[in-house]
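Number of protein chains: 2
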Amino acid sequence: MIFTTKAEYGVRLLIQLGVQGGSRPVSLKSVAEVENLPLAYLERIAALLKKEGLIASTRGAHGGYVLAVAAEDITMDRAVLALEGAIAPMECFIDDVSGDARVACSHHDADRQHCATKLLWTRVQLGIIKSLQRTTLAELVAFAGLEPALTSDRSLTA
Amino acid sequence: MIFTTKAEYGVRLLIQLGVQGGSRPVSLKSVAEVENLPLAYLERIAALLKKEGLIASTRGAHGGYVLAVAAEDITMDRAVLALEGAIAPMECFIDDVSGDARVACSHHDADRQHCATKLLWTRVQLGIIKSLQRTTLAELVAFAGLEPALTSDRSLTA
DNA sequence: TCTAATCCGACCTCAGTGGTAGGCTTTACG
DNA sequence: CGTAAAGCCTACCACTGAGGTCGGATTAGA
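These protein sequences, in sequence, are chains A and B.
Position one of the first sequence corresponds to residue 89 (the working numbering), numbered consecutively onward.
Position one of the second sequence corresponds to residue 89 (the working numbering), numbered consecutively onward.
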């Protein structure tokens with residue numbers, strides 16, 4: 089499996105906030121019930137999204153979470169990055185702050201043939217990130233609202 | 089991390105067979121030395137590639153492995169699939185034999201909103217597989233032979 | 001002040017990754 | 001024919017991270 093439940097649950101949380109989200113906050117408890125997820129675990133996941141600035145919280149009774157950014161402006165690469173940490177196809181991919189990945193593999197003998205797998209993993213990484221960037225939360229929210237019968241597998245590949 | 093060392097080591101093995109590979113077989117021992125990999129582990133990885141029919145072995149003294157398919161005809165999706173098993177972005181993605189992924193998540197209540205995350209993970213999966221399909225072993229072998237100085241990060245994104 | 005909610009840190013269990021160990025079988029070469 | 005070099009095969013094992021639980025502290029509405 090490529091992504092963990094953090095991404096799955098976190099994205100579902102975002103979708104729920106988009107679906108239910110009027111002006112008043114949505115409690116994690118209600119999301120946990122609707123989505124059938126463990127509440128305590130969901131709390132920690134929500135913290136990740138909050139730190140990234142995607143959602144905002146109000147504490148106390150009748151508190152909860154709301155989207156801090158319009159659903160149209162949330163691309164899923166930002167969400168998944170916040171939830172999963174750096175998206176690296178291989179362990180030796182350590183991304184620095186500047187954004188482009190560097191490879192620190194067992195192949196730093198310099199003189200010899202250099203790491204050809206880097207070429208492959210870089211392409212894969214790019215493929216993933218582009219797929220995530222092309223999808224907005226608004227799309228997912230709209231998709232969640234459709235009739236299940238209407239959403240054949242054909243429509244997924246757009 | 090998305091892929092394990094099985095994919096990393098397995099692809100390196102393929103590259104070595106492509107680079108060193110004349111007509112006579114290459115022993116895993118020599119590959120393990122060049123690539124600095126554990127031999128016993130590499131043996132098990134080679135078995136995966138053999139089962140897939142990508143490499144062929146000859147036993148006994150001076151035995152070893154050769155590519156069973158021309159490097160130009162080996163696309164990396166086939167290699168990675170053999171090494172890692174099914175490429176699914178999320179646990180609930182169970183791919184059946186027919187090739188298209190079905191989702192078996194906690195959302196089979198039918199009536200309710202259906203699984204919108206499916207849309208996202210399907211796109212990601214497609215992004216990964218396309219990236220792998222677009223890369224052949226021959227490309228990686230050629231890349232491994234280049235001068236390290238000539239291979240800037242720019243050239244990776246082709 | 002009771003209760004509903006977010007926050008926070010410690011803890012726990014289990015499966016998979018990344019190996020190792022040891023032996024068996026096959027084959028070239030002297 | 002014997003030995004060494006290679007592929008093959010199965011069992012085992014340590015460690016890490018995933019996926020959660022628990023208990024409490026804090027905040028705020030009724």
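C-beta atoms are modelled at their ideal positions from N, C-alpha and C, and glycine is treated no differently.
All of these numbers come straight from a predicted model, not from anything done at the bench.
Where residue i falls: helix, strand or coil (DSSP)
{"i": "A/Val154", "result": "strand"}
{"i": "B/Thr163", "result": "strand"}
{"i": "A/Thr223", "result": "coil"}
{"i": "B/Phe231", "result": "helix"}
{"i": "A/Ala170", "result": "helix"}
{"i": "B/Ala246", "result": "Low per-residue confidence applies at B/Ala246: pLDDT is 45, beneath 50, and the placement is therefore not dependable, though the value from the model is reported in the following sentence. Looking at B/Ala246 - three-state DSSP - the assignment turns out to be coil, as it is neither helix nor strand."}
{"i": "B/Leu125", "result": "coil"}
{"i": "A/Gly98", "result": "helix"}
{"i": "B/Ala134", "result": "helix"}
{"i": "A/Gly109", "result": "coil"}
{"i": "A/Ala120", "result": "helix"}
{"i": "B/Ile90", "result": "coil"}
{"i": "B/Ile103", "result": "helix"}
{"i": "B/Ile217", "result": "helix"}
Residues bridged to residue i (per DSSP)
{"i": "B/Ser145", "result": "B/Tyr153"}
{"i": "A/Val114", "result": "A/Tyr153"}
Residue i burial status per 10 Å Cβ neighbour count (16 or more: buried)
{"i": "A/Leu208", "result": "buried"}
{"i": "B/Pro126", "result": "exposed"}
{"i": "B/Leu234", "result": "exposed"}
{"i": "A/Gln221", "result": "exposed"}
{"i": "A/Gly98", "result": "buried"}
{"i": "B/Glu160", "result": "exposed"}
{"i": "A/Thr205", "result": "buried"}
{"i": "B/Ala149", "result": "exposed"}
{"i": "B/Gly109", "result": "buried"}
{"i": "B/Ser219", "result": "buried"}
{"i": "A/Glu96", "result": "buried"}
{"i": "B/Leu105", "result": "buried"}
{"i": "A/Ala128", "result": "exposed"}
{"i": "B/Ala135", "result": "exposed"}
8 Å Cβ cutoff, residue i in contact with chain B
{"i": "A/Leu116", "result": "no"}
{"i": "A/Val99", "result": "yes"}
{"i": "A/Lys218", "result": "yes"}
{"i": "A/Ala158", "result": "no"}
{"i": "A/Gly215", "result": "yes"}
{"i": "A/Ala232", "result": "yes"}
{"i": "A/Glu96", "result": "yes"}
{"i": "A/Arg166", "result": "no"}
{"i": "A/Val119", "result": "no"}
{"i": "A/Ala226", "result": "no"}
{"i": "A/Thr223", "result": "yes"}
{"i": "A/Leu137", "result": "no"}
{"i": "A/Thr205", "result": "yes"}
{"i": "A/Arg211", "result": "yes"}
Residue i at chain A interface by Cβ criterion, 8 Å
{"i": "B/Ile90", "result": "yes"}
{"i": "B/Ala128", "result": "no"}
{"i": "B/Gly187", "result": "Since pLDDT at B/Gly187 reaches only 36, below the 50 mark, its modelled position is unreliable, and the value read off the structure follows with that caveat. No, B/Gly187 does not count as interfacial toward chain A."}
{"i": "B/Ile103", "result": "yes"}
{"i": "B/Pro177", "result": "yes"}
{"i": "B/Arg147", "result": "no"}
{"i": "B/Leu208", "result": "yes"}
{"i": "B/Gly109", "result": "no"}
Anticipated Cβ contact below 8 Å, residue i with residue j, distance rounded
{"i": "B/Leu116", "j": "B/Gly173", "result": "Their Cβ separation, rounded to whole angstroms, is 22 Å, which puts B/Leu116 and B/Gly173 out of contact at 8 Å."}
{"i": "B/Thr34", "j": "A/Arg211", "result": "As shown, chain B starts at 89 and ends at 246. That puts residue 34 of chain B outside it, with no answer to give."}
{"i": "B/Glu140", "j": "B/Arg166", "result": "7 Å"}
{"i": "B/Phe231", "j": "A/Pro177", "result": "Contact flag wrong, Cβ pair sits at about 16 Å."}
{"i": "B/Leu228", "j": "B/Ile103", "result": "5 Å"}
{"i": "B/Ile162", "j": "B/Leu225", "result": "4 Å"}
{"i": "A/Leu137", "j": "A/Ala170", "result": "6 Å"}
{"i": "A/Ile216", "j": "B/Ile216", "result": "6 Å"}
{"i": "B/Val114", "j": "B/Val168", "result": "About 21 Å separates the two Cβ atoms, so there is no contact after all."}
{"i": "B/Leu130", "j": "B/Ala120", "result": "5 Å"}
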